[in-house]
């Protein structure tokens, strides 16, 4: 029986003019978006290589120890799946004075927009009358009187609808990817197939949910005009409202201090508080170890160095020695205080980091209540264009800066042996100096990190289908 | 006649199920929007209080505007700290790591409600204006009773526009009133002028989408087809055209990313310092410093001179693409009116750049003296209108007229049977 219903659904959908129009639109949109994004991706790759070359060339001509960290800045390559998903756009943060402002007001179209907005709306459009429409036409009564169980009717409609909805998306995706192979500058590797297949499966699960949602409301309404309103209301809440308010809600529910506030507190500890401690300890040092030259030190600290004192300091070798000792002890003490104060600020930043992670996690949990949140995290993580990739970027950057210091010092010391007069501002050959190389997050790691989003999406599908099964049992087919 | 039909439309719609559900949705969303946006505004205001520089400082920061509750636009970025240094102007990074999530999602502010939801609501109220009556047979009756097609259409349009405009206007005014009473919001005559301008532009946008809905209703004979068409047009105008416009503008214009420009500026500064030290040693003369500063300034100017026109061209091309859809127009006009749009961004950056130029010698310590006090009043409404908002409003009006004309044409040819 289910096969008959499935066949009927597929035949009806595939011959329906509205459905064919929608399919055509989605195919054209997917292909055009992939082609346009591929053009941007190629420009980004070219810009990335160009920037690397410029930096290399600069280091070759002006390399010196003092500003290596400033000139050898890590450059992030564009996401290898930039032709599909834009995700977290670096310029959206407007980190530079001359950043492109348009990105803030209008985000570009990509696969995420097509799937989350357009395909999900198609899902609703082609399911809201699945049951109520058949009731209105009298077909449902005939179907049930022919012995079809109610749950089979719903299951057949759900499977048939999901298959027919995914066909245009699959065709568009395949055509777009095939088109990429013809375009110069975009290289597809076998590993990409896994990402594309996963992305397709995730998209299918997402769109199926919305087909199921329309179906559910269809089983809850006597006529299609009410069913469409309810479905659209649910769609607006799930697609447009819930995911969009989640970061702001998390910000309100779990408040953390701003980075500036922590920076100011850290500055107070490292600067104002340090100066006071240095002052106290210097006094102690003078009282305990240098009581014999206390009056001289007092005058020096007050800058009352008159001719008499200058003569004394020049002629008295013992005083000179004591002053040198004091200077060394004082500098050791300041170094120690600096270290202590730095240690005091560390927990502030660790705490901020930890609380930021909690806040972000909470925002992600809030967003995951809606299928859109789950889909966005899945799609961006799979294509290395989301929060996970950004975390990896920040981590790798930090590792690079930490690891480069000893290597850099070794290169400098080697050069110093050859030229003992070499200063930190003098040219050194930095060809051996390791360059930053971005390491992609392995696909297994990417999948394992976002598995729970996939689980939530699957669960939402099961829930909506179960609700439809339950609802059809009490549906008045007359 | 028009009045009677409009009255009938209003009464019919107000007592309908969809009016209850859509008005309820609007009320809920406006409430959530104000709650969420106010929290965000408070966080930014606190940051400003903690962070804002002294009056004669070389750092610049402007206060967040309460109008960002209605259209956040670029206010987060306008309210960041700008560090003016001899090597150029630097911008403070993000305040909280959750900011990254904001780029994946959109803030549900009043602009979002107008642009996305209100347009959908307008279409849902109008898609069956003609087809629904045809299906019920009342359209034929109205024609037999002597109703002219022109009057029928005008009455329907007026009635359905009012059904959307009145509840929204009421909720918007209530929302504006609530916001004006919140702590930290300073209210002046300017506040209410901007609110009135916002409401007027939003209502114009509603009229456009009501006209689209009625136009599409005259194109087909079944309400289900009209609904499918309306949703298709809604997705096209609200999502596909504005977001593709951005994509196309990026493909068409060859503007390099801001990161690249920043890198070139940084390398030019390092080269200047390096060459100075090679010439004069680490403790160079004031003359050497002056030369370094002059070189850094020239390198930065050249960089900006070569980049800024490209960026401006890119912005202009994007704006032209965006103007192909009412949603693009309304985004630009409402953000501009609230002082958080592209016009304000350009105006503010021009003001920062000119302050930087005027005070460069003092900032770079080539000259001793006190910096000017930086003041930045946001653009007044009249300036916003003359600078481009009127163009967007005019384009919106053209969209409205086009679809009203289309509806008239379609209805005159419509088979009432």
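Protein chains in written order, with this note's numbering: chain A, 1 to 478; chain B, 1001 to 1417. For each residue, glycine too, the CB sits at the ideal point set by N, CA and C.
* Contact residues within the stretch 404 to 429 of chain A, judged by C-beta distance below 7 Å to chain B -> For the stretch 404 to 429 of chain A, residues whose beta-carbon sits nearer than 7 Å to a beta-carbon of chain B comprise 425.
* Asked: Does the distance from the C-beta atom of residue 1165 (chain B) to that of residue 1203 (chain B) stay below 7 Å?
  -> Counting from 1 along the second chain, the entry for residue 1165 (chain B) is found at position 165. Counting from 1 along the second chain, the entry for residue 1203 (chain B) is found at position 203. Cβ distance < 7 Å, so residue 1165 (chain B) and residue 1203 (chain B) count as in contact.
* To do: Could you have a look at residue 1038 (chain B) and say whether DSSP puts it in helix, strand or coil?
  => Indexing the second chain from 1 puts residue 1038 (chain B) at position 38. Here residue 1038 (chain B) carries a helix assignment [DSSP, helix/strand/coil].
* Should residue 1047 (chain B) be flagged as near chain A, meaning a C-beta pair shorter than 7 Å? -> For the purposes of this step, residue 1047 (chain B) is taken as residue 47 along the second chain, with counting starting at 1. At a cut-off of 7 Å, the C-beta of residue 1047 (chain B) has a neighbouring C-beta in chain A.
* residue 1088 (chain B) lies in the beta strand (DSSP E); which residues open and close that run? -> Locating residue 1088 (chain B) in the second chain gives position 88, counting from the first residue. Where residue 1088 (chain B) is concerned, the enclosing beta strand (DSSP E) stretches over 1088 to 1091.
* Pull up the DSSP beta-bridge partners for residue 427 (chain A), would you. => Locating residue 427 (chain A) in the first chain gives position 427, where the first residue counts as 1. Answer by DSSP bridge pairing, in chain order: A:64.
* Asked: Quick one: Cα of residue 109 (chain A) to Cα of residue 31 (chain A), how far?
  -> Within the first chain, residue 109 (chain A) is the residue found at index 109, counting from 1. Within the first chain, residue 31 (chain A) is the residue found at index 31, counting from 1. If I take the Cα positions, the gap works out to 12 Å.
* Asked: With distances taken from CA atoms, which of A:366, A:445, A:412 is nearest residue 392 (chain A)?
  -> Looking up residue 392 (chain A) in the first chain gives position 392. It is A:445 whose Cα lies nearest to the Cα of residue 392 (chain A).
* Test item: CB-CB of residue 209 (chain A) and residue 460 (chain A) under 7 Å -> Stepping through the first chain from its first residue, residue 209 (chain A) is reached at position 209. Stepping through the first chain from its first residue, residue 460 (chain A) is reached at position 460. Yes, Cβ-Cβ distance for residue 209 (chain A) and residue 460 (chain A) is below 7 Å.
* **Closer than 9 Å at the beta carbon, the chain B residues around residue 204 (chain A)** => Translated into positions along the first chain, residue 204 (chain A) becomes position 204. What residue 204 (chain A) touches in chain B: nothing, since even the nearest Cβ is about 20 Å away.
* C-alpha gap between residue 43 (chain A) and residue 1319 (chain B), whole angstroms -> If you number the first chain from 1, residue 43 (chain A) lands on position 43. If you number the second chain from 1, residue 1319 (chain B) lands on position 319. Those two C-alpha atoms are separated by around 22 Å.
* Simplified DSSP state of residue 1060 (chain B), which is helix, strand or coil -> Residue 1060 (chain B) sits at position 60 when you count from the first residue of the second chain. In the three-state scheme derived from DSSP, where H, G and I count as helix and E and B as strand, residue 1060 (chain B) is classed as strand.
* Asked: Are there 16 or more other CB atoms within 10 angstroms of the CB of residue 251 (chain A), so buried, or fewer, so exposed?
  -> What you label residue 251 (chain A) is simply residue 251 of the first chain in a count that begins at 1. By the beta-carbon neighbour count (other beta carbons within 10 angstroms, threshold 16), residue 251 (chain A) is buried.
* To do: Using a threshold of 7 Å, state whether the C-beta atoms of residue 1088 (chain B) and residue 1265 (chain B) are closer than that.
  => Locating residue 1088 (chain B) in the second chain gives position 88, where the first residue counts as 1. Locating residue 1265 (chain B) in the second chain gives position 265, where the first residue counts as 1. Closer than 7 Å, so yes.
* Asked: Residue range of the beta strand (DSSP E) that residue 1084 (chain B) falls in?
  -> Locating residue 1084 (chain B) in the second chain gives position 84, where the first residue counts as 1. Note, residue 1084 (chain B): beta strand (DSSP E), 1082 to 1085.
* To do: With 7 Å as the threshold, decide whether the Cβ of residue 1078 (chain B) is near any Cβ in chain A.
  => Counted from its first residue, the second chain places residue 1078 (chain B) at position 78. Contacts with chain A at 7 Å (Cβ-Cβ) do not include residue 1078 (chain B).
* Asked: According to DSSP, is residue 1075 (chain B) helix, strand or coil?
  -> As a first step, residue 1075 (chain B) is located in the second chain; it is residue number 75 there, counting from the start. For residue 1075 (chain B), the three-state secondary structure derived from DSSP is helix.
* Asked: Does the separation of the CB atoms of residue 215 (chain A) and residue 370 (chain A) fall below 7 Å?
  -> Locating residue 215 (chain A) in the first chain gives position 215, counting from the first residue. Locating residue 370 (chain A) in the first chain gives position 370, counting from the first residue. No.
* Report the three-state DSSP secondary structure of residue 88 (chain A) (helix, strand or coil). => What you label residue 88 (chain A) is simply residue 88 of the first chain in a count that begins at 1. Reduced to three states, the DSSP call for residue 88 (chain A) is coil.
* Where residue 250 (chain A) falls: helix, strand or coil (DSSP) -> The residue you call residue 250 (chain A) lines up with position 250 of the first chain. It is helical.
* Just to check, is the beta-carbon of residue 1106 (chain B) closer than 6 Å to a non-hydrogen atom of the ligand ADP? -> For the ligand ADP, the structure offers nothing, since it holds no ligand at all.
* Asked: Using a C-beta to C-beta distance shorter than 9 Å, which residues of chain B count as neighbours of residue 376 (chain A)?
  -> Here residue 376 (chain A) refers to the residue found at position 376 when the first chain is read from its first residue. Within chain B, the residues placing a beta-carbon under 9 Å from that of residue 376 (chain A) are 1104, 1105, ordered along the chain.
* Asked: With a cut-off of 7 Å, does the C-beta of residue 79 (chain A) fall near any C-beta of chain B?
  -> Counting from one through the first chain, the residue named residue 79 (chain A) turns up at place 79. Not closer than 7 Å to any Cβ of chain B, the Cβ of residue 79 (chain A) fails to qualify, so no.
* Quick one: which chain A residues come within Cβ less than 7 Å of residue 1322 (chain B)? -> For the purposes of this step, residue 1322 (chain B) is taken as the residue at position 322 of the second chain. Here the neighbours are 106.
* Decide if residue 331 (chain A) is buried, meaning its Cβ has at least 16 other Cβ atoms within 10 Å, or exposed. => Taking the first chain and counting its residues from 1, one reaches residue 331 (chain A) at position 331. Taking every protein chain shown into account, the CB of residue 331 (chain A) has fewer than 16 other CB atoms within 10 angstroms, so this residue is exposed.
* To the nearest angstrom, how far is it from the Cα of residue 1269 (chain B) to the Cα of residue 64 (chain A)? -> Numbered from 1 along the second chain, position 269 holds the residue referred to as residue 1269 (chain B). Numbered from 1 along the first chain, position 64 holds the residue referred to as residue 64 (chain A). Straight-line measurement puts the Cα of residue 64 (chain A) at about 14 Å from the Cα of residue 1269 (chain B).
* To do: Return the chain-ordered ranges of every beta strand (DSSP E) run that is complete within the stretch 292 to 329 of chain A and spans a minimum of 3 residues.
  => Runs of the beta strand (DSSP E) inside the stretch 292 to 329 of chain A: none found.
* Below 8 Å on the Cβ atoms is my guess for residue 1293 (chain B) versus residue 1354 (chain B); work out the distance and round it to an integer in Å. => Reading the second chain from its first residue, position 293 is the one you call residue 1293 (chain B). Reading the second chain from its first residue, position 354 is the one you call residue 1354 (chain B). No, residue 1293 (chain B) and residue 1354 (chain B) are not in contact; Cβ-Cβ is about 18 Å, not under 8 Å.
* Bounding residues of the alpha helix (DSSP H) (the contiguous stretch that carries residue 263 (chain A)) -> Here the question's residue 263 (chain A) lines up with position 263 in the first chain. Looking at the DSSP string, the run of the alpha helix (DSSP H) that includes residue 263 (chain A) is 259 to 267.
* Asked: How big is the Cα-Cα spacing for residue 1185 (chain B) and residue 1066 (chain B)?
  -> Taking the first residue of the second chain as position 1, residue 1185 (chain B) is located at position 185. Taking the first residue of the second chain as position 1, residue 1066 (chain B) is located at position 66. Distance between the alpha carbons of residue 1185 (chain B) and residue 1066 (chain B) is about 6 Å.
* Give a yes or no on whether 7 Å exceeds the smallest Cβ distance from residue 1087 (chain B) to chain A. => In the second chain, counting from the first residue as 1, residue 1087 (chain B) sits at position 87. Not one chain A Cβ lies under 7 Å of residue 1087 (chain B).
* Mind checking if residue 1318 (chain B) is an interface residue toward chain A, Cβ cutoff 7 Å exclusive? -> Position 318 of the second chain, counted from the first residue, corresponds to residue 1318 (chain B). Contact of residue 1318 (chain B) with chain A is assigned, a C-beta pair being separated by under 7 Å.
* At a Cβ threshold of 7 Å, is residue 218 (chain A) touching chain B? -> Mapped onto the first chain, residue 218 (chain A) falls at position 218. Chain B, which has no Cβ nearer than 7 Å to the Cβ of residue 218 (chain A), makes this no.
* Any C-beta of chain A sitting closer than 7 Å to the C-beta of residue 1376 (chain B)? -> Counted from its first residue, the second chain places residue 1376 (chain B) at position 376. It does not: the Cβ of residue 1376 (chain B) has no partner Cβ on chain A nearer than 7 Å.
* Asked: Is residue 248 (chain A) close to chain B, meaning its C-beta is less than 7 Å from at least one C-beta of that chain?
  -> In the first chain, counting from the first residue as 1, residue 248 (chain A) sits at position 248. It does: the Cβ of residue 248 (chain A) has a partner Cβ on chain B nearer than 7 Å.
* Range covered by the alpha helix (DSSP H) that runs through residue 453 (chain A) -> Translated into positions along the first chain, residue 453 (chain A) becomes position 453. For residue 453 (chain A), the uninterrupted alpha helix (DSSP H) run begins and ends at 443 to 473, by DSSP.
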